[in-house]
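Note sheet for the following structure.
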């Protein structure tokens, strides 16, 4: 039996009038049961597009132009629409950043949850309602019995997001793709949801892909991290190794911008410049216009991921040759 999920050389493009633009450029990663992967980067890095690609929900003009997505030894990119629909919401669930992408405004919470259960599980309507109630309790919904009979507009934004998370958990999926799942939640609830997802990964043999710009959250939740920039993975490895020993200058910049970053007592830093758009990705290394250690080769040649230190830690940077730790 192979990995729970194996993404191989995935490429996603957007077909526009003036030509195709590459949004995801040849990325690969794996995920095993009970494992938690954090996809980290700024807005526009390609994190969400990667997540939507996994569940085959790329909207036109986007399309998967290359590579494969193996889930439980099946290539999702080759499944029919009907086969993929059966997998989504059952074996694979996605938690969206915007809860209104998931919730139907004209149906009660209970109706939406029980319909999901009945579509994927052979249980009675009464049992489906019990399952829905159990999941609402697990995500710390107050007065869950009452919420079952309310409509989405009767709940706060944070409450709606917690309901979406409960829906994702209804059928005990083996993989959850969570796209900024705690954006609308306060710190206390955020920590509770992250603890819950970690617990489920262990008890239910579930894999988790956590998509976020918040490196602090990822460092506390995941087993490994893939840092994305301009559609590529530019550093990947065990979470502890990435946080304590970042090698790519972009990853270092992300960590330095956190409270307490690399140097205790230092002022918060920022990465100069902006993430390039799909129409403006520079030649060579996409990060070179913002990089403080770039050299001539960075302007000409795209760096490939290279294994570092023998710890499943890889980074894509030409300047690693000048890093004494890599010698």
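In the working numbering, the protein residues as written are 4 to 330.
Glycine included, C-beta positions come from ideal geometry on N, C-alpha and C.
Spatially closest choice to residue i from the options, by CA coordinates
{"i": "residue 157", "options": "189, 103, 194, 124", "result": "103"}
{"i": "residue 15", "options": "253, 234, 293, 182", "result": "234"}
{"i": "residue 287", "options": "301, 144, 152", "result": "301"}
{"i": "residue 165", "options": "141, 293, 32", "result": "141"}
{"i": "residue 305", "options": "222, 322, 311", "result": "322"}
{"i": "residue 169", "options": "160, 139, 293", "result": "139"}
{"i": "residue 30", "options": "48, 248, 23, 36", "result": "48"}
{"i": "residue 44", "options": "127, 230, 247", "result": "230"}
{"i": "residue 21", "options": "128, 53, 58, 64", "result": "64"}
{"i": "residue 160", "options": "101, 202, 107", "result": "101"}
{"i": "residue 314", "options": "244, 289, 298", "result": "244"}
{"i": "residue 317", "options": "273, 272, 249", "result": "249"}
{"i": "residue 7", "options": "319, 23, 34", "result": "34"}
{"i": "residue 80", "options": "298, 53, 177", "result": "53"}
{"i": "residue 93", "options": "125, 42, 32", "result": "125"}
{"i": "residue 144", "options": "167, 179, 115, 226", "result": "167"}
{"i": "residue 163", "options": "105, 203, 219", "result": "105"}
{"i": "residue 220", "options": "5, 78, 188", "result": "188"}
{"i": "residue 319", "options": "252, 115, 303, 298", "result": "252"}
Range covered by the beta strand (DSSP E) that runs through residue i
{"i": "residue 41", "result": "39 to 43"}
{"i": "residue 97", "result": "95 to 98"}
{"i": "residue 180", "result": "178 to 182"}
{"i": "residue 202", "result": "Residue 202 -> not in any beta strand (DSSP E); alpha helix (DSSP H) instead, spanning 190 to 206."}
{"i": "residue 276", "result": "No beta strand (DSSP E) contains residue 276, which DSSP labels as neither H nor E."}
{"i": "residue 210", "result": "210 to 215"}
{"i": "residue 318", "result": "316 to 318"}
C-alpha distance - residue i paired with residue j, whole-angstrom precision
{"i": "residue 185", "j": "residue 199", "result": "12 Å"}
{"i": "residue 293", "j": "residue 285", "result": "11 Å"}
{"i": "residue 71", "j": "residue 193", "result": "33 Å"}
{"i": "residue 83", "j": "residue 246", "result": "40 Å"}
{"i": "residue 228", "j": "residue 10", "result": "15 Å"}
{"i": "residue 175", "j": "residue 296", "result": "47 Å"}
{"i": "residue 117", "j": "residue 281", "result": "41 Å"}
{"i": "residue 330", "j": "residue 236", "result": "Summary for residue 330: the model assigns pLDDT 41, below 50, so the residue's position carries little reliability; its value from the coordinates is reported in the next sentence. Roughly 23 Å between the two C-alpha positions."}
{"i": "residue 265", "j": "residue 217", "result": "Confidence at residue 265 is low in this model, with a pLDDT of 49, below 50, so its placement is unreliable and the value that follows should be read with caution. Rounded to the nearest angstrom, the two C-alpha atoms are 16 Å apart."}
{"i": "residue 310", "j": "residue 241", "result": "12 Å"}
{"i": "residue 232", "j": "residue 278", "result": "8 Å"}
{"i": "residue 261", "j": "residue 254", "result": "11 Å"}
{"i": "residue 46", "j": "residue 129", "result": "43 Å"}
{"i": "residue 212", "j": "residue 75", "result": "15 Å"}
{"i": "residue 12", "j": "residue 239", "result": "15 Å"}
{"i": "residue 181", "j": "residue 95", "result": "11 Å"}
{"i": "residue 257", "j": "residue 275", "result": "11 Å"}
{"i": "residue 97", "j": "residue 58", "result": "8 Å"}
{"i": "residue 28", "j": "residue 67", "result": "11 Å"}
{"i": "residue 18", "j": "residue 283", "result": "16 Å"}
{"i": "residue 36", "j": "residue 210", "result": "5 Å"}
{"i": "residue 87", "j": "residue 24", "result": "26 Å"}
{"i": "residue 307", "j": "residue 69", "result": "18 Å"}
{"i": "residue 132", "j": "residue 73", "result": "33 Å"}
{"i": "residue 107", "j": "residue 154", "result": "9 Å"}
{"i": "residue 388", "j": "residue 179", "result": "Residue 388 is absent from the structure shown; the chain starts at 4 and stops at 330."}
{"i": "residue 99", "j": "residue 183", "result": "7 Å"}
{"i": "residue 207", "j": "residue 123", "result": "17 Å"}
{"i": "residue 289", "j": "residue 303", "result": "10 Å"}
{"i": "residue 115", "j": "residue 190", "result": "27 Å"}
Per DSSP, cross-strand counterpart(s) of residue i
{"i": "residue 232", "result": "235"}
{"i": "residue 23", "result": "18"}
{"i": "residue 71", "result": "11"}
{"i": "residue 91", "result": "95"}
{"i": "residue 78", "result": "73"}
{"i": "residue 32", "result": "10"}
{"i": "residue 65", "result": "17"}
Check whether residue i and residue j have beta carbons under 8 Å apart
{"i": "residue 62", "j": "residue 214", "result": "no"}
{"i": "residue 201", "j": "residue 39", "result": "yes"}
{"i": "residue 173", "j": "residue 119", "result": "yes"}
{"i": "residue 151", "j": "residue 136", "result": "yes"}
{"i": "residue 225", "j": "residue 41", "result": "yes"}
{"i": "residue 272", "j": "residue 291", "result": "no"}
Residue-chain proximity (residue i, chain B), Cβ-Cβ < 8 Å
{"i": "residue 18", "result": "No chain B is present in this structure, which holds just one protein chain."}
Span of the alpha helix (DSSP H), counted from its first residue to its last, around residue i
{"i": "residue 113", "result": "112 to 123"}
{"i": "residue 309", "result": "Looking at the DSSP string, residue 309 is not in any alpha helix (DSSP H); the run it does join, the beta strand (DSSP E), is 309 to 311."}
{"i": "residue 222", "result": "218 to 224"}
{"i": "residue 129", "result": "128 to 141"}
{"i": "residue 171", "result": "160 to 172"}
{"i": "residue 56", "result": "50 to 57"}
{"i": "residue 154", "result": "Segment: none, residue 154 is in no alpha helix (DSSP H) and carries neither H nor E."}
{"i": "residue 261", "result": "Counting along the chain, residue 261 falls outside any alpha helix (DSSP H), and DSSP gives it neither H nor E."}
{"i": "residue 300", "result": "Residue 300 -> no alpha helix (DSSP H), and no H or E assigned at all."}
{"i": "residue 175", "result": "Element bounds for residue 175: n/a, residue is neither H nor E."}
{"i": "residue 246", "result": "242 to 247"}
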